[in-house]
Amino acid sequence: MTPPASSRTSSGADAKALAQRRRAELRRRTTRIRRSVAALALSLFAAAFGVVYVQLASGHDPALTAAALRRERAAAAPGSGAATTSPSESQSTEFGGAESGAGEAGSSEAESGSGEASGPSSVTTSQS
Amino acid sequence: MTAHTTILATSTGPYVFWITSRGAGIAALILSSLSVSLGLLMAGGRGRTRRADMRVAHEALALSTLAALVIHGLSLLGDGYLHPSLADVAIPFAGSYRTVWTAAGIIAFWSLAILGLSYYLRAKIGAQRWRSLHRLTAVAWILGIVHSLGDGTDAGQTWFLAMTATVVAPAVLLLLIRHLRPAGLRGAPAQPLPRHTGRGVGAPASEMQGAGSR
Chain A
279 MTPPASSRTS SGADAKALAQ RRRAELRRRT TRIRRSVAAL ALSLFAAAFG
329 VVYVQLASGH DPALTAAALR RERAAAAPGS GAATTSPSES QSTEFGGAES
379 GAGEAGSSEA ESGSGEASGP SSVTTSQS
Chain B
5 MTAHTTILAT STGPYVFWIT SRGAGIAALI LSSLSVSLGL LMAGGRGRTR
55 RADMRVAHEA LALSTLAALV IHGLSLLGDG YLHPSLADVA IPFAGSYRTV
105 WTAAGIIAFW SLAILGLSYY LRAKIGAQRW RSLHRLTAVA WILGIVHSLG
155 DGTDAGQTWF LAMTATVVAP AVLLLLIRHL RPAGLRGAPA QPLPRHTGRG
205 VGAPASEMQG AGSR
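Next up, the structure:
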């Protein structure tokens with residue numbers, strides 16, 4: 279009771295076509311997922327970049343703000359030389375509460391800003 | 005308005021590399037957390053019907069994480085203040101800037117890269133051995149979080165902490181569920197992978213099952 283040769287050929291061709299369709303569908307879905315993830319990654323990067331950029335440009339960057347404050351206080355204090363020579367100490371005493379986390383994280387970054395913080399400081403001045 | 009924009013552009017100019025590095029680091033933190041969550045979901049036997057899609061998404065998220073981490077490290081090379089060398093950003097304990105925290109991040113990156121990319125060599129490594137190794141990815145991810153909280157400029161910011169908690173908490177919860185659950189109840193039973201190393205959702209179902217713990 280074997281089916282006729284023509285029928286076997288047609289069912290084999292159908293199966294091949296079905297398999298090809300399924301493979302194509304899987305490939306399309308894979309591509310779609312990969313593109314979505316790539317778009318998500320780019321969006322996340324753009325959003326994070328934007329947040330940090332705005333934060334910095336508006337004069338609210340944790341590291342640069344800490345550096346600016348430290349410089350101001352060092353300048354105001356009578357023994358300003360000591361304050362500038364021990365940034366970590368002044369950092370820990372100046373920033374308490376909500377700022378303390380950023381203080382520790384940004385204390386060394388603050389040093390990075392201390393050298394070139396004129397940009398954001400001038401922004402703050404121009405905005406206020 | 006134009007003047008204001010100009011001021012912003014001028015003032016942030018010297019910090020572009022620094023901002024890029026921070027942005028890429030934040031993106032990597034989110035992407036890696038999503039990837040770990042998805043991997044743990046698959047390993048826990050959830051989403052059986054969409055396992056193939058989840059595997060593709062998990063792989064894409066992992067590769068995106070690595071790309072973001074490469075940008076995170078390399079963009080620092082252009083930073084005007086730190087002036088790190090390639091060795092400083094690639095070799096743990098080589099740099100002088102916050103040595104321990106930075107080393108944690110570098111070790112996390114290399115671990116994630118090696119453990120993640122070993123997926124493509126699992127036929128050579130052996131499926132069982134690869135699966136055991138791949139579990140260490142969670143440790144590398146945790147090390148990355150430690151780096152971001154210890155070294156991150158924004159680590160004290162409320163928005164950063166809230167964002168980190170939002171993406172990290174589900175993964176930590178899944179990790180706890182996976183490790184606190186009795187071994188017999190864990191999903192994705194260990195099955196030998198076929199020698200077939202085809203990528204994508206067209207791979208055989210047995211391979212999909214094996215890839216579940218990734």
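Those sequence lines, one after another, are chains A and B. This note's numbering puts the first residue of the first sequence at 279, with every later residue one more than the last. This note's numbering puts the first residue of the second sequence at 5, with every later residue one more than the last. Here a beta-carbon is modelled for each residue, glycine too, at the ideal position from N, C-alpha and C.
Exercise. Kindly indicate which residue of B:Gly109, B:Ser100 and B:Ile181 has the alpha-carbon position closest to the one of B:Gly148.
Key: Nearest C-alpha to B:Gly148: B:Gly109.
Exercise. Anything in chain D within Cβ reach of A:Leu322, meaning under 7 Å, just list it in chain order.
Key: In summary, chain D is missing from the structure at hand, where the protein chains are A and B.
Self-check item: Where A:Arg312 meets chain B, residues with beta-carbon distance less than 7 Å
Solution: For A:Arg312, the chain B residues whose Cβ falls inside 7 Å of its Cβ are Val60 and Ala64, in order along the chain.
Quiz item: What are the start and end residues of the alpha helix (DSSP H) that includes B:Asp92?
Solution: It spans Leu90 to Ala94 - the alpha helix (DSSP H) in which B:Asp92 sits, taken as one unbroken run.
Quiz item: Quick one: which chain A residues come within Cβ less than 9 Å of B:Gly27?
Solution: Within chain A, the residues near B:Gly27 are Leu322, Phe323, Ala324, Ala325, Ala326, Phe327, Gly328, Val329, Val330 and Tyr331.
Quiz prompt | B:Phe113, enclosing alpha helix (DSSP H) - first and last residue | solution = Note, B:Phe113: alpha helix (DSSP H), Thr103 to Leu121.
Quiz item: On the three-pair Cβ rule with 8 Å, is the stretch 171-179 of chain B touching the stretch 27-41 of chain B?
Solution: The answer is yes - the stretch 27-41 of chain B touches the stretch 171-179 of chain B, with three or more Cβ pairs under 8 Å.
Quiz item: When the cut-off is 8 Å and only beta carbons count, does B:Gly99 lie next to chain A?
Solution: No, B:Gly99 lies away from the interface with chain A (no Cβ there is under 8 Å from its Cβ).
Exercise. Please compile the residues from chain B whose C-beta is within a distance smaller than 8 Å of the C-beta of A:Ala293.
Key: Chain B residues near A:Ala293: none, gap ~16 Å exceeds 8 Å.
Quiz item: B:Trp22 by DSSP, collapsed to three states: which one?
Solution: Three-state result, B:Trp22: helix.
Quiz item: Out of curiosity, what's the CA-to-CA distance linking A:Arg310 and A:Ala297?
Solution: Distance between the alpha carbons of A:Arg310 and A:Ala297: 20 Å.
Self-check item: Buried versus exposed call for A:Pro365 [16 or more other C-beta atoms within 10 Å across all chains shown]
Solution: With a pLDDT of 38 at A:Pro365, under the threshold of 50, the modelled position of this residue cannot be trusted, and the question is left open.
Practice problem: Within its chain, find whatever has a CB closer than 8 Å to the CB of B:Asp158; leave out the 5 residues flanking it on each side and keep chain order. | Solution: Spatial neighbours of B:Asp158 in its own chain (CB-CB distance under 8 Å, excluding positions within 5 residues in sequence) are listed in chain order as Arg26, Ile30 and Phe164.
Quiz item: Where B:Asp155 and B:Thr106 are concerned, what is the direct C-alpha to C-alpha distance, given to the nearest angstrom?
Solution: Taking the straight line from one Cα to the other gives about 7 Å.
Quiz item: Is there at least one Cβ from chain B nearer than 8 Å to A:Ala316's Cβ?
Solution: A:Ala316 counts as touching chain B.
Practice problem: Consider the Cβ of B:Ser89: report whether some Cβ of chain A lies at a distance smaller than 8 Å. | Solution: B:Ser89 is outside the set of residues whose beta carbon lies under 8 Å from a beta carbon in chain A.
Practice problem: Take the Cβ of B:His87 as the centre, count every other Cβ of all protein chains shown within 10 Å, and call the residue buried at 16 or more, exposed below. | Solution: If you draw a 10 Å sphere on the C-beta of B:His87, you find fewer than 16 other C-beta atoms in it, and that means exposed.
Quiz item: Any idea what DSSP makes of B:Thr141, helix, strand or coil?
Solution: Of the three classes helix, strand and coil, the one that applies to B:Thr141 here is helix, per DSSP.
Quiz item: Can you tell me whether A:Asp292 is buried or exposed, with buried defined as 16 or more other CB within 10 angstroms of its CB?
Solution: Exposed is the call here.
Exercise. Quick one: list the residues of chain A neighbouring B:Ser68, beta-carbon separation under 7 Å, in chain order.
Key: B:Ser68 reaches chain A at Val315, Ala316 and Ala319, counting residues in chain order whose Cβ is nearer than 7 Å.
Quiz item: How far does the alpha helix (DSSP H) with A:Ala355 in it reach, from first residue to last?
Solution: Counting along the chain, no alpha helix (DSSP H) covers A:Ala355, and no H or E run does either.
Quiz item: Which one of B:Val150, B:Leu33, B:Gly160 and B:His151 has the shortest CA to CA distance from B:Leu65?
Solution: That would be B:Leu33, whose Cα lies nearest to the Cα of B:Leu65.
Practice problem: Could you confirm whether any beta carbon from chain A is found closer than 8 Å to the beta carbon of B:Asp57? | Solution: Taking Cβ atoms only, chain A reaches closer than 8 Å to B:Asp57, which makes this a yes.
Quiz item: When the distance is taken between beta carbons, is B:Tyr19 closer than 8 Å to A:Leu318?
Solution: Not a contact, by the Cβ cut-off of 8 Å.
Practice problem: Rounded to whole angstroms, what's the CA-CA distance from B:Leu116 to B:Ala127? Just pull it up for me. | Solution: Whole-angstrom Cα-Cα distance: 19 Å.
Quiz item: What separation, rounded to the nearest whole angstrom, lies between the Cα atoms of B:Arg54 and B:Gly43?
Solution: Each residue's alpha carbon lies about 13 Å from the other.
Practice problem: Grab me the residues of B:Ser79's own chain with a C-beta within less than 6 Å of its C-beta, minus the 5 sequence neighbours each way, in chain order. | Solution: The answer, listed in chain order, is Phe21, Thr24 and Ser25.
Practice problem: State yes or no: is the beta carbon of B:Gln161 nearer than 8 Å to at least one beta carbon in chain A? | Solution: Answer yes: the Cβ-Cβ gap between B:Gln161 and chain A drops below 8 Å somewhere.
Quiz item: How many Å lie between B:Ala72 and B:Thr162 at the Cα?
Solution: So the alpha carbons of these two residues sit roughly 23 Å apart.
Practice problem: Give, in chain order, every residue of the stretch 140-155 of chain B whose Cβ lies closer than 9 Å to some Cβ of chain A. | Solution: Across the stretch 140-155 of chain B, CB contacts with chain A closer than 9 Å involve Leu153, Gly154 and Asp155, in sequence order along the chain.
Quiz item: Would B:Thr72 count as contacting chain A if we go by Cβ distances under 8 Å?
Solution: First, the amino acid is wrong: residue 72 of chain B is Ala here, not Thr. At least one C-beta of chain A is nearer than 8 Å to the C-beta of B:Ala72.
Self-check item: Presumed contact (8 Å Cβ cut-off) between A:Thr343 and B:Val60, rounded CB distance
Solution: Rounded, the Cβ-Cβ distance is 43 Å, inconsistent with contact.
Quiz item: What's the C-alpha gap between B:Ala47 and A:Arg348?
Solution: Spanning the two alpha carbons is a distance of roughly 50 Å.
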